[in-house]
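A short write-up of the structure that comes next.
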Amino acid sequence: MFIMSVLVVFAAACGSSSTNNNADEGKQSDKAENKASGSLTISGSSAMQPLVLAAAEKFMDENPDADIQVQAGGSGTGLSQVAEGTVQIGNSDVFAEEKEGIPAKELTDHQVAVVGMAAAINPEVGIDDISLEDLKKVFTGKIKNWKELGGKDQKITLVNRPDSSGTRATFVKYALDGETPAEGITEDSSNTVKKLIAETPGAIGYLAFSYIKD
């Protein structure tokens, strides 16, 4: 998998402005040691998931009576679920007020990280660079074959995230200037997107840096 065209965006964790979470309610542990206890469920952005998982594991190591469940599902899912009260924290690549149908006034945004994103291509397509202008043409279907960019005579296969994805929303906003991507493969999971790009001839997609190892 080859990485091109880097974007940098903010990531937020949203919580209900009126509801205390279970972890707060469950802090009945040994005050001398200041240990936390109770349960907490977090869902949302797959771009943030590796960071949140690592933070949760470290917190649970230091607080054995705490239980933190981290789920993905996309930014839209995280914002919807925290608004409904089914989770205590919703992770998102976009702020709550930017997501249609989310009662942003009932939530509190906390900017917790800056997430880098990049376009990623199958290494066999035969190019090692692409301009932002050409990237936009590729994802809007104006360029359909890699030979148009100096690569192989090979059809371009787009790998997209679903409409509920904050990664998609950010990519569309900053890389495509708000234009709708052309049809292609749509996958809910960033891990699956990464796998498809690596294994599918002619594939191109986009990933957060948290899913880029090489």
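Sequential numbering from 1 applies to the sequence shown in the UniProt record's numbering. Ideal placement from N, C-alpha and C gives every residue a C-beta, glycine not left out.
Own chain partners of residue i with C-beta closer than 7 angstroms, once the 5 adjacent residues on each side are dropped
{"i": "Lys155", "result": "Lys144, Asn145 and Gly202"}
{"i": "Thr77", "result": "Ser43, Gly44 and Ser164"}
{"i": "Thr140", "result": "Leu176, Glu179, Pro181 and Ala182"}
{"i": "Asp30", "result": "Note that Asp30 has pLDDT 47, beneath the 50 cutoff, so the model's placement of it is unreliable and no number is given."}
{"i": "Val52", "result": "Ile42, Val70 and Asn91"}
{"i": "Ala32", "result": "Residue placement at Ala32 is flagged as unreliable, the pLDDT there being 40, under the threshold of 50; the coordinate-derived value follows with that caveat. Contacts found: none."}
Burial state of residue i, where buried means 16 or more other Cβ atoms lie within 10 Å
{"i": "Thr41", "result": "buried"}
{"i": "Ser80", "result": "buried"}
{"i": "Asp129", "result": "exposed"}
{"i": "Lys194", "result": "buried"}
{"i": "Asn34", "result": "exposed"}
{"i": "Ala119", "result": "buried"}
{"i": "Asp153", "result": "exposed"}
{"i": "Gly205", "result": "buried"}
Between the CA atoms of residue j and residue i - distance to the nearest angstrom
{"i": "Gln28", "j": "Gly85", "result": "In this predicted model, Gln28 has a pLDDT of only 48, less than 50, meaning its place in the structure is not dependable enough to derive any value."}
{"i": "Asn191", "j": "Gly38", "result": "30 angstroms"}
{"i": "Ala96", "j": "Pro103", "result": "8 angstroms"}
{"i": "Asn122", "j": "Asn160", "result": "14 angstroms"}
{"i": "Val138", "j": "Val82", "result": "35 angstroms"}
{"i": "Ser189", "j": "Gly73", "result": "8 angstroms"}
{"i": "Phe59", "j": "Ala208", "result": "24 angstroms"}
{"i": "Lys99", "j": "Ser75", "result": "9 angstroms"}
{"i": "Gly90", "j": "Ala198", "result": "30 angstroms"}
{"i": "Ala54", "j": "Asp61", "result": "11 angstroms"}
{"i": "Glu125", "j": "Ser210", "result": "At residue 125 the sequence reads Val, which differs from the Glu that was named. Cα to Cα, Val125 sits roughly 24 angstroms from Ser210."}
{"i": "Val172", "j": "Leu196", "result": "20 angstroms"}
{"i": "Gly151", "j": "Lys142", "result": "16 angstroms"}
Cutoff 6 angstroms; reference residue i; Cβ partners in own chain excluding five residues on either side
{"i": "Ala169", "result": "Val94"}
{"i": "Gly166", "result": "Ser45, Ser75, Ser92, Asp93 and Val94"}
{"i": "Val87", "result": "Thr41, Ser43 and Gln81"}
{"i": "Lys147", "result": "Asp153"}
{"i": "Ala56", "result": "Ile68 and Val70"}
{"i": "Lys136", "result": "Leu176"}
Inset, instruction - Could you tell me whether the stretch 63–72 touches the stretch 109–117, where touching means 3 or more Cβ pairs closer than 8 angstroms? - result: No, because fewer than three Cβ pairs between the stretch 63–72 and the stretch 109–117 fall closer than 8 angstroms, the two stretches do not touch.
Inset, instruction - Quick one: which unbroken beta strand (DSSP E) runs of 3-plus residues sit fully inside the stretch 81–145? Chain order, please. - result: Those beta strand (DSSP E) runs which fall completely within the stretch 81–145 and span 3+ residues are 89–92 and 107–121.
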